[in-house]
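Protein chains in written order, with the working numbering: chain A, 16 to 281; chain B, 16 to 281.
Let me begin by presenting the structure, written as structure tokens, before commenting on it.
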């Protein structure tokens with residue numbers, strides 16, 4: 016046992032946290048005997064140098080997990096630096112749990128390079144953790160913002176449109192295609208604003224703004240429940256969670272919330 | 016046979032092209048009987064509407080392919096719109112060829128949703144084409160640019176530093192980490208410039224610029240052969256392929272070349 020190593024304690028894939036909203040750490044002795052360990056990096060925050068690890072969950076947990084209300088509450092309670100650390104760790108161990116087999120030949124894979132790779136025991140192919148680029152966009156026209164409510168979302172909850180960047184397209188092309196598909200609106204002058212990792216299971220959210228050529232909406236009803244144009248005052252009211260707000264904004268730890276804040280500050 | 020459908024003819028994963036640098040198309044009758052077909056989209060370029068497909072290569076070709084000199088020559092000969100179409104198609108069929116098995120359970124997978132998905136015949140898990148976000152960065156200090164030569168690259172060939180954006184980090188954090196790891200330089204004020212898809216096998220290249228805090232280089236010799244600071248005049252000479260250029264720039268269809276052009280135009 017090396018006292019300079021520590022183990023991130025997870026509850027399945029959920030974070031364990033103390034009353035101060037900080038992640039709880041154990042030692043490598045807390046890991047099951049046969050657990051695969053992922054190296055998260057070196058922590059030098061207290062002047063020393065500790066190697067940080069997390070365990071890959073057991074085989075039974077091999078399904079992708081979406082964010083649920085319980086998890087969202089936990090995330091809101093975590094301090095920002097702790098949320099970032101948790102997010103990266105969660106993405107990695109979740110990827111390992113769902114990639115115990117080789118996509119090329121079907122053979123078993125084993126963890127390699129401290130958890131930043133898996134290698135096939137049959138054909139030798141290397142596999143690497145996956146991060147999916149997703150564009151999320153403010154669509155603007157005449158000082159209003161186009162926001163949508165996805166299928167199955169609570170009444171009144173609106174967010175920025177978003178979608179995976181597909182093979183063969185730029186970020187800007189992805190934004191334009193997604194908006195055209197979801198709401199039938201043509202956008203131009205797409206600009207990058209900011210990015211954020213999102214660990215459900217492992218996305219790189221790429222926040223942009225684009226100018227709509229018109230305001231007429233043709234909804235793709237297989238993806239969206241509704242979409243509307245909101246004023247600056249509407250967005251401010253929702254960020255302040257006021258009673259008269261015409262919609263509910265996404266919570267503060269989301270990139271959509273950060274994009275809303277960026278937009279009203281313009 | 017639907018006369019409104021057409022099949023992109025590939026030579027393995029390489030493009031087939033006519034003398035005008037345009038991709039060659041056949042009909043669905045040109046596809047082998049048992050071939051998996053990927054739907055590329057609708058072509059409305061000649062006023063009509065044709066469904067475009069490509070075949071997944073046979074099982075023997077299930078290895079990732081890197082760009083080689085022959086392929087680079089073909090890419091240079093393709094018109095830009097044709098290169099974009101080829102790149103997207105290549106990424107997709109290559110992904111299918113390398114994902115005939117389920118990473119969760121090892122079972123066989125079959126093509127679904129026109130080729131934008133594979134589904135496991137054993138556990139039912141869905142798998143989606145992968146695109147890896149990669150940051151590629153101009154590192155600037157006092158009007159000079161920091162460029163590197165990768166291990167195994169020809170003498171004199173330099174490009175912008177680049178690396179995968181890892182789970183849990185933003186684009187900007189990825190740029191800073193990569194530069195610190197590869198050349199030991201601290202960068203700040205990272206800004207996004209432009210993006211480009213890159214189909215070897217399927218990357219989203221995210222071009223940025225950052226300001227170096229110093230010029231001292233500490234090379235990671237497991238990744239880089241050398242790294243140097245180049246003047247604006249050096250970069251212009253290399254873009255013009257002049258005899259006195261102190262280095263060779265990447266070819267015009269690369270994002271690094273576009274970044275160099277953007278930088279000298281500032």
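C-beta: ideal position from N, C-alpha, C; glycine also.
- Task: Within its chain, find whatever has a CB closer than 6 Å to the CB of residue 178 of chain B; leave out the 5 residues flanking it on each side and keep chain order.
- Result: 193
- Output the distance between the C-alpha atoms of residue 16 of chain B and residue 227 of chain A, rounded to the nearest integer angstrom. Residue confidence is low: residue 16 of chain B scores 44 on pLDDT, short of 50, so the model does not pin down where it sits. No coordinate-derived value is stated.
- To which residues does DSSP link residue 156 of chain A through a beta bridge? A:159
- Item | Inter-residue CB distance, residue 218 of chain B and residue 109 of chain B (contact presumed, cutoff 8 Å) | About 12 Å; that fails the 8 Å criterion.
- residue 151 of chain B CB to nearest chain A CB: under 8 Å? no
- Task: Decide if residue 197 of chain A is buried, meaning its Cβ has at least 16 other Cβ atoms within 10 Å, or exposed.
- Result: buried
- Message: Taking the alpha-carbon of residue 221 of chain B as reference, which of B:71, B:205, B:230 and B:235 has the nearest alpha-carbon?
- Response: The residue with the shortest Cα to Cα distance from residue 221 of chain B is B:205.
- Query: Does the stretch 138-158 of chain A come close enough to the stretch 115-126 of chain A to have 3 or more Cβ pairs within less than 8 Å?
  - Reply: The stretch 138-158 of chain A, when compared against the stretch 115-126 of chain A, does touch it at the 8 Å Cβ threshold.
- Within this structure, are the beta carbons of residue 41 of chain A and residue 24 of chain A separated by less than 8 Å? Cβ distance < 8 Å, so residue 41 of chain A and residue 24 of chain A count as in contact.
- Could you give the distance in angstroms between the alpha-carbon of residue 210 of chain B and the alpha-carbon of residue 176 of chain B? Spanning the two alpha carbons is a distance of roughly 15 Å.
- Proximal residues, the stretch 179-193 of chain A versus chain B, C-beta separation under 8 Å: 179, 180, 181, 182, 183, 184, 185, 186 and 187
- Item | Residues near residue 229 of chain A by beta carbon distance below 6 Å, same chain, minus five either side | A distance below 6 Å between beta-carbons, with the five flanking residues on each side excluded, links residue 229 of chain A to no residue of its chain.
- Item | Burial state of residue 187 of chain B (16 or more Cβ within 10 Å) | A buried status is given to residue 187 of chain B, since no fewer than 16 other beta-carbon atoms sit within 10 Å of its beta-carbon.
- Query: Sorted by chain position, which residues of the same chain lie with C-beta nearer than 6 Å to residue 261 of chain A's C-beta, five sequence neighbours on each side aside?
  - Reply: 249
- Task: State the beta-bridge partners of residue 209 of chain B as determined by DSSP.
- Result: The partner list for residue 209 of chain B (beta bridge, DSSP) reads B:222.
- Message: Residues in the same chain with beta-carbon distance under 7 Å from residue 50 of chain B, minus the five sequence neighbours each way, listed in chain order, please.
- Response: 70 and 71
- Item | Interface partners of residue 211 of chain A on chain B, CB under 7 Å | 185
- Message: What residue range does the alpha helix (DSSP H) around residue 44 of chain A cover?
- Response: Following the DSSP letters along the chain, one finds residue 44 of chain A in no alpha helix (DSSP H), marked with neither H nor E.
- Task: With a 10 Å radius around its C-beta and 16 neighbouring C-beta atoms as the bar for buried, classify residue 216 of chain B as buried or exposed.
- Result: buried
- Can you pull the chain A residues whose beta carbon is under 7 Å from the beta carbon of residue 148 of chain B, in chain order? 146, 148 and 219
- Item | Nearest candidate by alpha-carbon position, reference residue 97 of chain B, set B:154, B:29, B:136 and B:43 | B:29
- Message: I believe residue 155 of chain B touches residue 224 of chain B by the beta-carbon criterion, under 8 Å. Please report the beta-carbon distance rounded to the nearest angstrom.
- Response: 6 Å
- Nearest-angstrom Cβ-Cβ length linking residue 68 of chain A and residue 52 of chain A, presumed shorter than 8 Å: 5 Å
- Query: Since residue 142 of chain A sits in a beta bridge, which residues does DSSP pair it with?
  - Reply: According to DSSP, which records beta bridges pairwise, residue 142 of chain A is partnered with A:133.
- Message: Can you confirm whether residue 99 of chain A, when its beta carbon is compared against all beta carbons of chain B, has any partner nearer than 8 Å?
- Response: yes
- Query: What in chain B is Cβ-close to residue 106 of chain A, meaning under 8 Å?
  - Reply: 182 and 183
- Task: Please state whether DSSP places residue 151 of chain B in a helix, a strand or coil.
- Result: strand
- When the Cβ atoms of the stretch 233-241 of chain B are set against those of the stretch 232-248 of chain A, are three or more pairs found closer than 8 Å? By the Cβ rule, the stretch 233-241 of chain B does not count as touching the stretch 232-248 of chain A, because fewer than three pairs are nearer than 8 Å.
- Item | Sequence-distant residues of its chain with Cβ nearer than 7 Å to residue 95 of chain A (five each side left out) | none
- Query: Just the Cα atoms here: how many angstroms apart are residue 163 of chain A and residue 160 of chain B?
  - Reply: 43 Å
- Item | Residues of its chain near residue 101 of chain A, where Cβ-Cβ distance is below 7 Å and the 5 sequence neighbours each way are ignored | Excluding its 5 nearest sequence neighbours in each direction, residue 101 of chain A has C-beta neighbours in its own chain below 7 Å: 30, 38 and 93, listed in chain order.
- Query: Grouping DSSP H, G and I as helix and E and B as strand, with all else coil, what is residue 197 of chain B?
  - Reply: helix
- Query: Roughly how many angstroms separate the alpha carbons of residue 184 of chain B and residue 214 of chain A, rounded to a whole number?
  - Reply: 10 Å
- Query: Of the choices A:158, A:87, A:111 and A:145, whose alpha-carbon is the least far from that of residue 129 of chain A?
  - Reply: A:111
- Message: For a contact defined as C-beta to C-beta under 9 Å, what are the partners of residue 113 of chain B on chain A?
- Response: 118, 119 and 140
- Counting contacts by CB-CB distance shorter than 8 Å, is residue 130 of chain A in contact with chain B? no
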